[in-house]
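K.L.:
Residue numbers (the working numbering), protein chains in the order written: chain F, 846 to 1045; chain G, 826 to 984.
The C-beta atom is built at its ideal place from N, Cα and C for all residues, glycine as well.
Right, I'll just put the structure down here and ask away after.
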Amino acid sequence: MASAARRELLVARDDERELVELARRGDRDAAEILLERHELLAFRVCRRLLPPSEDLDGAVQETLLRALKNLPRYAGEGSFGAWMASIAVNLCRDKLRRRRLVPFQPLEVRGDDESDPLAVIPSAEPNPERVAMARQAMQRVRRELVRLPRRQQEVFVLRFFAGMDLEGIATALHVDVGTVKTHLHRAVHRVRVAAEEATP
Amino acid sequence: MNITHLNDAELDLAVLGEELPPPAAEHLASCLVCRRRRDGVLAVVEQVRGDDPDAATRARVREWALAAWGGARARVHWLRWAAAAAVLVVLVLLPLRTGPASAPAPARFDAEAVLTEVNSVLDSDPLAAVVSEEVVNTVVPVPHAVSDRSVAAGERSVS
């Protein structure tokens, strides 16, 4: 009971530095709360930077474990989320390098059947033509994403899939904000053109 | 009347959610076509992002990481104790190992002193180096005075 109350108190804390400090000292509750807050980011990053043949859950587990093991190295510069993103991106790079894969995904990308293609076209009548068009748009964007240069792909995934801001992305990738902007603009342009070509 | 819609660069900015130049921002606010273009792209991107993992999957992955982390911490903890114990054992055993070395060293063989002693014995009785004085006296009994003189001169023989 006391443990549950303590956990509630920890959850209510906005200052993550305190949670990080507690987790560093081996506090399991603090570590768990940190993971709960940022694990989704790890899922989203790994999902889009790794090929579908890679074990997604395994990659996320590894990311979370690396984050916990390396807590003593987290100096507090940037948010914990950015730090976690950095670990996830590096893990994906390591895995791709080890497998000697180019960071491109095949066309049968993960989660193709999970999405509702109708959502692509706002307020559209659900007729077969529109559904097909929406599917095509998603395929085109996926294809374009995996064709992007690695850095542009990482920046795009962190911005649009992990929902990070420019500063966070810059911290995660160890580059300056200007570089992030440049990569992001190039990536967005290519993705937008691909999406619009499929949905005239 | 010609309507100037957002150009590519402005549309990219709109997709990114960045600040547009005032005329472009005003246009976007009032133009359904441009808003649909922007929203269409964002909708496709959102769909491509896909669904997030369910709560059970998240919990399973999280628990695994926490358990592995706990195991790693316990291993480090155990290793620290093992290292401390090993150091303790070494410290305890070190004096035992070095014990014999610290015992009094055997007296050194003083060759010079032995030679001096041998020389003095030979000078007084050369046969003493071959047999004991008792044997010599038994085989060749001689008076002490003569014996001493003869021995000094090397004239006596045991054969």
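1. Just tell me which of GLU1041(F), SER931(F), PHE1006(F), ALA979(F) has its CA closest to the CA of GLY875(G).
2. With a Cβ-Cβ cutoff of 7 angstroms, do ALA1032(F) and GLN997(F) count as a contact?
3. Measuring CB to CB, does SER873(G) end up less than 7 angstroms from MET929(F)?
4. Using the Cα positions of ARG1037(F) and ASP837(G), report the straight-line distance between them to the nearest angstrom.
5. Among residues of its own chain, excluding the 5 on either side of ALA1043(F), which ones have a beta-carbon nearer than 6 angstroms to its beta-carbon?
6. At the 7 angstroms Cβ level, is TRP906(G) part of the contact set with chain F, yes or no?
7. Which one of HIS830(G), GLU843(G), ARG887(G), THR829(G) has the shortest CA to CA distance from ASP1010(F)?
8. Note down, one range per segment and in chain order, each alpha helix (DSSP H) of at least 4 residues found wholly within the stretch 1000 to 1028 of chain F.
9. Please list the partners that ASP877(G) has in chain F, where partner means a Cβ-to-Cβ separation under 8 angstroms.
10. Would you say GLY865(G) lies against chain F (beta-carbon separation less than 7 angstroms)?
11. Just to confirm, are ARG862(F) and GLY921(F) a CB contact at a threshold of 7 angstroms?
12. When DSSP labels each residue in this structure, what does ASN832(G) get in the three-state scheme?
13. Which stretch, first to last residue, makes up the alpha helix (DSSP H) that contains LEU879(F)?
14. I want to see whether chain B comes within less than 7 angstroms of LEU845(G), judged by CB atoms only; does it?
15. With DSSP as the reference, label ASN944(G) as helix, strand or coil.
16. Could I get the ranges of all uninterrupted alpha helix (DSSP H) runs contained in the stretch 970 to 996 of chain F, with 4 residues as the minimum, in chain order?
17. Between the stretch 897 to 905 of chain F and the stretch 935 to 945 of chain F, are three or more C-beta pairs nearer than 8 angstroms?
18. Determine whether the beta carbon atoms of VAL840(G) and ARG863(G) lie at a separation below 7 angstroms.
19. Mapping DSSP to helix, strand and coil, what is GLY895(G)?
20. Per DSSP, what kind of secondary structure is PRO848(G) in: helix, strand or coil?
21. By a C-beta neighbour count over all protein chains shown, 10 Å radius and 16 as the cutoff for buried, is ALA918(G) buried or exposed?
22. For the stretch 880 to 890 of chain G against the stretch 883 to 900 of chain F, do three or more pairs of beta-carbon atoms, one drawn from each stretch, fall closer than 8 angstroms, so that the two count as touching?
23. Quick one: does PRO951(F) have its CB under 7 angstroms from some CB of chain G?
24. Return the CA-CA distance between ALA834(G) and PRO847(G), expressed in angstroms with no decimal places.
25. In chain order, what residues of the same chain lie with their CB nearer than 6 angstroms to the CB of GLU866(F), ignoring the 5 residues before and after it?
26. Suppose you measure from the CA of SER848(F) to the CA of HIS1034(F); what does that come to, to the nearest Å?
27. Closest Cβ-Cβ distance between LEU831(G) and chain F: below 7 angstroms?
28. Which residues in chain G have a C-beta closer than 8 angstroms to the C-beta of LEU990(F)? List them in chain order.
29. Between the alpha carbons of ALA850(G) and GLY1008(F), how many angstroms are there, rounded?
30. Is the distance from the Cβ of CYS859(G) to the Cβ of LEU853(G) below 7 angstroms?
31. Does the distance from the CB of ALA1015(F) to the CB of VAL1000(F) come in under 7 angstroms?
32. Any Cβ of chain F within less than 7 angstroms of the Cβ of VAL912(G)?
33. For LEU913(F), return the contacting residues in chain G, with the cut-off set at a CB-CB distance below 7 angstroms.
34. Rounded to whole angstroms, what's the CA-CA distance from PRO896(F) to ARG944(F)? Just pull it up for me.
P.N.:
On the basis of the supplied data:
1. For the residues GLU1041(F), SER931(F), PHE1006(F), ALA979(F), the minimum Cα distance to GLY875(G) belongs to PHE1006(F).
2. yes
3. The question names Ser, but residue 873(G) is Val in the sequence shown. With contacts defined by Cβ atoms closer than 7 angstroms, VAL873(G) and MET929(F) do not form a contacting pair.
4. 7 angstroms
5. Excluding positions up to five away in sequence, the list reads GLN981, ALA982, ARG985.
6. no
7. GLU843(G)
8. 1011 to 1018
9. LEU885, PHE888, ARG889
10. Cβ-Cβ to chain F under 7 angstroms: yes for GLY865(G).
11. Going by C-beta atoms, ARG862(F) is nearer than 7 angstroms to GLY921(F).
12. coil
13. 873 to 894
14. Although the question refers to chain B, the structure presented lacks it and instead comprises the protein chains F and G.
15. Correct three-state label for ASN944(G): helix.
16. The qualifying runs are 973 to 992.
17. In short, these stretches touch, since the Cβ pair count reaches three.
18. For the 7 angstroms CB-CB criterion, VAL840(G) and ARG863(G) form a contact.
19. helix
20. The answer is helix: DSSP assigns PRO848(G) an H, G or I state.
21. Before going further, note that residue 918(G) is Leu rather than Ala in the sequence given. The residue is exposed, with fewer than 16 neighbouring Cβ atoms inside 10 Å.
22. yes
23. Confidence is the limiting factor: at PRO951(F) the pLDDT is only 47, short of 50, which leaves the residue's position unreliable and the question unanswerable from this model.
24. 14 angstroms
25. So no residue of the chain qualifies.
26. 50 angstroms
27. Not one chain F Cβ lies under 7 angstroms of LEU831(G).
28. Simply VAL873.
29. 23 angstroms
30. yes
31. no
32. In terms of beta-carbon proximity, VAL912(G) stays away from the interface with chain F, with every pair separated by 7 angstroms or more.
33. ALA890, TRP894
34. 11 angstroms
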